[in-house]
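Residue numbers (numbering that gives the first Met the number 0): 0 to 268. Backbone N, C-alpha and C define an ideal beta-carbon position, used for all residues, glycine too. Following: one structure in structure tokens, then a few remarks.
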Amino acid sequence: MPELPEVETIRRDLSKDLKGKKIKDVEVLNPKVIKEPKAAEFKRRLKGATFKQFLRRAKVLAIKLSTGEDLVVHLRMTGQLVYAGKREEKARVIFVLTDGKYLNFNDQRLFAELRLVSDWQSLKFVQGLGPEPLAKGFTAQKFKQLLEGKKTKIKPLLLDQTFIAGIGNLYAQEALFLSAILPTRAANQLKGAEIKRLHRAIQKVLQEGIQYHGSSIDNYVNGRGKKGSYQLRLKVYARKDEPCVKCRTKIQKINLGGRGTCFCPRCQK
DNA sequence: CGGGGCTCCTGTGCGC
DNA sequence: TGCGCACAGGAGCCCC
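Printed below as a string of structure tokens:
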């Protein structure tokens, strides 16, 4: 579900609302979402902890706690973190706070993950992440170097978190449309001008995604349970058979690496 | 090693 | 109406 812009939106919301708040109790309604440690230990070590800092890398949210430990959240497809005045019905884990409110961890499909660890940055998944696309160091030149020798199709490559961090199926499709590049193009065949356009497009769609508080296609909501609005600005994602916003040609949908992929067969080359 | 396919789950929407 | 299947924004694993 949530990609970089959605996780960043949640991070900003929770940072505003929860910094300094204290966990009174943890209710585990489905222990499956807790990857480490075991649920009882997870609860014990979180009780009494205060939220100190909210960080993000790729689609991972890391919450620094007063105990020195890190609460690491990956929302995967359908995870939600909602600070609210009530317990939410579909919650899998509820953090009861001393302010009388609740941080609800919801996750319809049970793919999302919670972890309590001593150092989130040493997690294997985090260690293996590619560059942050919105970081200053991520230049077009750097992107060009990364693409060299990659024979794979550009679209699945953009989804590879070890290649570049934080892009998911929605923003990958939008960035390729914006840069007028076919999702099936071989990464190492892209010309200099195309790489520049794609680099700019990636940054643009991610920044706009953040600006519009994420894309609420299905069930994404921000840290306060509110929908984003970037879904209203999407050009190709989930628009199969609709006319292209630029040339009116029918948007096509194909399957790449098991993921649906929409594009304009006329604008994208 | 890269790439394809399957897997973890629940829910929805479509075609027959 | 009802059923079965495909598909959904992620990523790890196994296999070749």
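Handout entry: Identity of the residue in Thr97, Val92 and Val125 nearest Leu113 by Cα
Key = Sorting Thr97, Val92 and Val125 by C-alpha distance to the C-alpha of Leu113 places Val92 at the top.
Practice task
May I have the straight-line CA-CA distance separating Phe50 from Leu64, to the nearest angstrom?
Solution key: Going by the C-alpha atoms only, they are around 5 Å apart.
Handout entry: Nearest to Phe162 (by Cα), restricted to the options Glu173, Tyr236 and Ala186
Key = Comparing C-alpha distances from Phe162 to each of Glu173, Tyr236 and Ala186 shows the shortest one belongs to Ala186.
Exercise for the section: Note down, in chain order, each residue of its chain lying with its Cβ closer than 6 Å to the Cβ of Ile166, except the 5 sequence neighbours on either side. Expected result: Closer than 6 Å at Cβ, skipping near neighbours: Leu157.
Problem - Exposure of Asn254, with buried meaning 16 or more beta-carbon neighbours within 10 Å - result: Sixteen is the threshold: since fewer than 16 other Cβ atoms of the shown chains lie within 10 Å of the Cβ of Asn254, the residue is exposed.
Problem - Neighbourhood of Gln251 by C-beta distance below 8 Å, restricted to the same chain and skipping five residues each side - result: Around Gln251: Lys239, Cys261, Phe262, Cys263 and Pro264.
Exercise for the section: Provide the residue span of the beta strand (DSSP E) that contains Phe53, from first to last. Expected result: Segment Phe50 to Arg56, the beta strand (DSSP E) holding Phe53.
Problem - Helix, strand or coil at Thr260 according to DSSP, with G and I counted as helix - result: DSSP places Thr260 in the strand class (E or B) of the three-state scheme.
Handout entry: Tyr211 - DSSP class collapsed to helix/strand/coil
Key = Three-state DSSP puts Tyr211 in coil, outside helix and strand.
Problem - Distance between Ala39 and Lys23 (C-alpha atoms, nearest Å) - result: Computed Cα separation, rounded: 15 Å.
Problem - Distance, Val32 Cα to Phe41 Cα - result: The straight-line gap from Cα to Cα measures roughly 11 Å.
Exercise for the section: Just the C-alpha distance for Leu317 and Leu74, rounded to the nearest angstrom, thanks. Expected result: The first residue shown for the chain is 0 and the last is 268, placing residue 317 beyond what the model contains.
Handout entry: Candidates Trp119, Asn103, Val125 and Lys15, of which the one nearest Ala57 by Cα
Key = Out of Trp119, Asn103, Val125 and Lys15, the CA that lies nearest to the CA of Ala57 is found in Val125.
Problem - Contacts around Ser215, its chain only, beta-carbon distance under 6 Å, and the 5 residues preceding and following it disregarded - result: Annotation for Ser215: Lys226, Gly227 and Gln230 place their beta carbon closer than 6 Å to its own, counting only its chain and skipping 5 residues before and after.
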